[in-house]
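Number 124 marks the last residue of the sequence shown (this note's numbering); no jumps. We put the CB at the ideal spot given by N, CA and C, even for glycine.
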Amino acid sequence: QVQLVESGGGLVQPGGSLRISCAASGMIFSVFSIKHTDWYRQAPGKERELVARQNSLIVTNYADSVKGRFTISRDNAKNTVYLQMNSLKPEDTAVYYCHVSATSGDFWGQGTQVTVSS
């Protein structure tokens with residue numbers, strides 16, 4: 007059974023940094039098994055939006071609102087996806103969700119809260 011568990015969320019001041027992680031169990035990350043790994047976020051009263059994506063060839067794409075500030079990465083040896091967030095703004099406040107699209111199916115984590123506030 008595949009499980010994705012996010013961690014690393016919390017409260018940070020505007021301008022600060024945070025790295026959130028998504029550890030996968032029950033699956034193995036490889037260029038053959040993973041189509042793409044993503045981070046989505048959902049703020050109160052808003053729809054879930056795609057923040058960052060990394061495909062099997064390590065090509066990355068970002069929402070315009072986070073370009074130059076966020077970096078998605080993946081460690082296949084640890085079956086873990088990361089999102090490094092710098093220069094955080096109050097509008098980045100949301101629940102962040104990890105999503106993995108694999109040859110075996112699509113999987114979601116339970117989400118981790120990120121709050122940017124002074």
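In the structure shown, N67 adopts extended strand secondary structure according to DSSP, grouped into three states. Nearest to G111 by C-alpha distance, out of S39, P20, R47, N61, is S39. Remark: three or more beta-carbon pairs, one from each stretch, lie closer than 8 Å, so the stretch 56-66 and the stretch 74-94 are flagged as touching. Excluding sequence positions up to five before and after Q90, its CB lies within less than 6 Å of the CB of R25, T77, all in the same chain and listed in chain order. Assignment of K95 by DSSP, reduced to helix, strand and coil, places it in the coil class. By the neighbour-count criterion, in which a residue is buried when 16 or more other Cβ atoms sit within 10 angstroms of its Cβ, L63 is exposed.
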